[in-house]
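In terms of UniProt numbering, the sequence shown is residues 1 to 344. Every residue gets a Cβ at the ideal spot worked out from N, C-alpha and C, and that includes glycine.
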Amino acid sequence: MVPALGRRFCGEHGQQEVYFVQDINAGVKDVAEIPTDQVTLSSLSKEELENLIIKLKKASNGLELDLEEQVLSHPALQEALNDPKNGDSAFKHLKQQVDGKHKKRDSIFERLQVDIQHLCLNKVPILEKNKLPMVGIGKHLCGAATDLALRCLVESYATCCNEENQEPAPKRTKNKAEGSSNHSNDDDNERNKEDFKPVAGIVIALCCHHRCDWTHYVGREFFRSVGLGPVEFHYFQRMSSWATCGMRGTITKASTNEESEDHTNNTEEHDQTYSKTETGSDALQGLLTVEERKEIGSLCKLVIDHGRIRYLQQRGYKAALQYYTDSSVSLENVLLTAVPETTR
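Here you go:
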């Protein structure tokens with residue numbers, strides 16, 4: 001759980017829990033790589049900006065630019081979706097009451113109030129005891145929180161589970177009579193080990209690329225492979241906000257209600273406040289049209305997301321990006337999905 005900027009983290013007591021491991025999902029911080037004199041986009045010259053755009057387009061060569069539309073809805077939801085009583089007016093009440101709906105005998109729910117940067121899943125008691133397969137779901141995981149979540153699942157949990165599965169079982173002596181009967185059991189156990197996937201799937205609605213951070217970013221290897229580094233990443237994550245310029249009209253209205261618990265849907269559930277100096281919007285008035293900025297912003301998001309795809313692919317996952325809803329519903333409408341690659 002990542003708190004909004006300027007807000008107190010409600011799960012600080014999580015530091016006392018067994019699953020709190022300081023910075024376990026933060027990634028390796030290479031101080032030598034991170035520039036200390038980062039300048040704003042508005043400070044760039046026309047030539048510097050053009051050079052950045054050239055690098056961006058070169059890095060995007062060969063990437064799948066046209067994402068598939070996967071606007072899905074399960075039939076089980078249709079009755080509730082079509083019920084006029086279940087609109088915006090009911091949302092606040094439903095949100096307050098939702099925890100009570102989960103109190104069933106055959107269901108177990110546990111809320112972990114800890115910053116995902118420090119969450120070690122394989123130390124969560126129920127997971128440590130039962131070695132349960134995980135499905136990671138996030139909507140929306142703001143900026144760097146997506147990278148922290150991926151590392152939490154793929155490195156912190158999956159790697160530890162795989163290492164434990166590879167440890168040889170303790171040997172014991174057995175007589176000839178039980179030898180043949182146990183042989184088939186051993187085969188079944190071995191097959192179950194092979195079929196067990198610590199992380200069975202990942203589904204994350206992506207957003208807020210302007211809040212990404214090179215230190216936590218899982219796609220650094222991809223960036224380096226196409227001749228990019230932390231400097232380019234810094235500018236790309238700033239430029240990514242151009243893709244959602246359609247939100248700007250709702251930002252001022254939403255910011256007045258920032259202290260309210262019940263945010264409007266137009267704010268995309270996140271703090272979208274970024275200054276014109278940061279995004280360079282005023283300085284770019286004469287250099288790029290609104291449509292050009294939007295296209296470049298989308299390309300920045302795509303390149304950043306492809307680094308995440310490459311990270312998952314290198315760790316044995318079949319990963320993809322797709323549109324999960326129409327842009328008229330949400331400008332942050334890209335979904336990252338991943339499942340383990342089949343070995344058969």
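How is Gly201 classed by DSSP in three states: helix, strand or coil? As a position in the sequence shown, residue 201 is number 201, starting the count at 1. Strand, per DSSP.
Which residues does DSSP list as the beta-bridge partners of Phe20? Sequence index remark: in the sequence shown, residue 20 carries index 20 (1-based). Paired residue(s): Leu119.
Could you tell me how far apart the beta carbons of Ser60 and Leu299 are, in whole angstroms, since I believe they sit closer than 8 Å? As a position in the sequence shown, residue 60 is number 60, starting the count at 1. As a position in the sequence shown, residue 299 is number 299, starting the count at 1. Yes, they are in contact, since the Cβ atoms of Ser60 and Leu299 sit about 6 Å apart, within 8 Å.
Those residues which DSSP pairs with Ile137 across a bridge: Your numbering for residue 137 matches position 137 in the sequence shown. Val203.
Could you spell out where the beta strand (DSSP E) holding Gln322 opens and where it closes? Translated into positions along the sequence shown, residue 322 becomes position 322. Run containing Gln322: 317 to 323, per the beta strand (DSSP E) assignment.
I'd like the list of long-range same chain contacts for Glu17, defined as Cβ closer than 8 Å, with 5 residues on each side in sequence excluded. Numbered from its first residue, the sequence shown carries residue 17 at position 17. Once the five neighbours on either side are set aside, the close Cβ partners of Glu17 are Leu112, Val114.
Let me check one thing: in DSSP terms, what residues is Glu68 bridge-paired to? Numbered from its first residue, the sequence shown carries residue 68 at position 68. Per DSSP, Gln322.
Exposure of Ala338, with buried meaning 16 or more beta-carbon neighbours within 10 Å: Within the sequence shown, numbered from 1, the residue matching residue 338 stands at position 338. Buried.
Is DSSP giving Cys142 helix, strand or coil here? Within the sequence shown, numbered from 1, the residue matching residue 142 stands at position 142. Strand at Cys142.
Same chain, Cβ closer than 7 Å to His216, five either side skipped, listed in chain order: The count along the sequence shown starts at 1 and reaches residue 216 at position 216. These residues qualify, in order along the chain: Ala26, Gly27, Ala144, Asp147, Leu148.
Provide the residue(s) that pair with Ala338 in DSSP beta bridges, ordered along the chain. Position 338 of the sequence shown, counted from the start, is the residue given in the question as residue 338. The partner list for Ala338 (beta bridge, DSSP) reads Ile202, Ala319.
Looking only at its chain, what residues have a beta carbon closer than 6 Å to the beta carbon of Glu69, apart from the 5 residues adjacent to it on each side? One-based indexing of the sequence shown puts residue 69 at position 69. Excluding positions up to five away in sequence, the list reads Tyr323.
Where Ser45 falls, given that 16 or more other Cβ within 10 Å makes a residue buried: Your numbering for residue 45 matches position 45 in the sequence shown. Ser45 is exposed by the Cβ-count criterion.
For the pair the segment 69 to 78 and the segment 315 to 329, tell me if three or more CB-CB distances fall below 8 Å. yes
Near Ile202, what residues of its chain come up, given a Cβ to Cβ distance below 6 Å and the 5 sequence neighbours on each side ignored? Taking the sequence shown and counting its residues from 1, one reaches residue 202 at position 202. Gly136, Ala338, listed in sequence order.
Considering only the alpha carbon of each residue, which of Gly229, Phe236, Ser327 lies closest to His210? Here the question's residue 210 lines up with position 210 in the sequence shown. That would be Phe236, whose Cα lies nearest to the Cα of His210.
Assigned exposure category for Ser330 - 16 Cβ within 10 Å defines buried: As a position in the sequence shown, residue 330 is number 330, starting the count at 1. Buried is the call here.
Pro170 burial status per 10 Å Cβ neighbour count (16 or more: buried): Against the sequence shown, residue 170 aligns to sequence position 170. Below a pLDDT of 50, predicted positions are generally treated as unreliable, and Pro170, at 43, falls in that range; no measurement from the model is reported.
To the nearest angstrom, how far is the alpha carbon of Ile116 from that of Ser241? One-based indexing of the sequence shown puts residue 116 at position 116. One-based indexing of the sequence shown puts residue 241 at position 241. Going from the Cα of Ile116 to the Cα of Ser241 covers about 24 Å.
Since Glu341 contacts Tyr317 with CB under 8 Å, what's their CB separation in whole angstroms? The residue given as residue 341 occupies position 341 in the sequence shown. The residue given as residue 317 occupies position 317 in the sequence shown. The Cβ separation is near 6 Å, so the contact holds.
What is the residue span of the alpha helix (DSSP H) that Gly307 lies within? Here residue 307 corresponds to residue number 307 of the sequence shown, with the count starting at 1. Taken as a continuous stretch (DSSP letters only), the alpha helix (DSSP H) holding Gly307 covers 290 to 313.
Taking C-alpha atoms, which residue in Leu228, Lys301, Thr289 lies nearest to Cys212? Residue 212 sits at position 212 when you count from the first residue of the sequence shown. That would be Lys301, whose Cα lies nearest to the Cα of Cys212.
Do you know how far the Cα of Ala80 is from the Cα of Arg191? Your numbering for residue 191 matches position 191 in the sequence shown. Your numbering for residue 80 matches position 80 in the sequence shown. Any reading at Arg191 needs caution, since the residue's pLDDT is 48, under 50, leaving its predicted position unreliable; the model's value is listed next. Answer to the nearest angstrom: the Cα atoms are 41 Å apart.
Near Cys245, what residues of its chain come up, given a Cβ to Cβ distance below 7 Å and the 5 sequence neighbours on each side ignored? Sequence index remark: in the sequence shown, residue 245 carries index 245 (1-based). Val290, Arg293, Lys294, listed in sequence order.
Which class does Ile54 belong to by DSSP, given the choice of helix, strand or coil? Start at 1 with the first residue of the sequence shown, and residue 54 comes out as number 54. If DSSP states are grouped into helix, strand and coil, Ile54 belongs with the helices.
CA-CA distance, Ala158 and Ile204? As a first step, residue 158 is located in the sequence shown; it is residue number 158 there, counting from the start. As a first step, residue 204 is located in the sequence shown; it is residue number 204 there, counting from the start. Their backbone Cα atoms lie some 17 Å apart in a straight line.
Can you tell me which of the three DSSP states Thr244 falls into? Residue mapping note: residue 244 aligns to position 244 of the sequence shown, counting from 1. Residue state, collapsed to three classes: helix.
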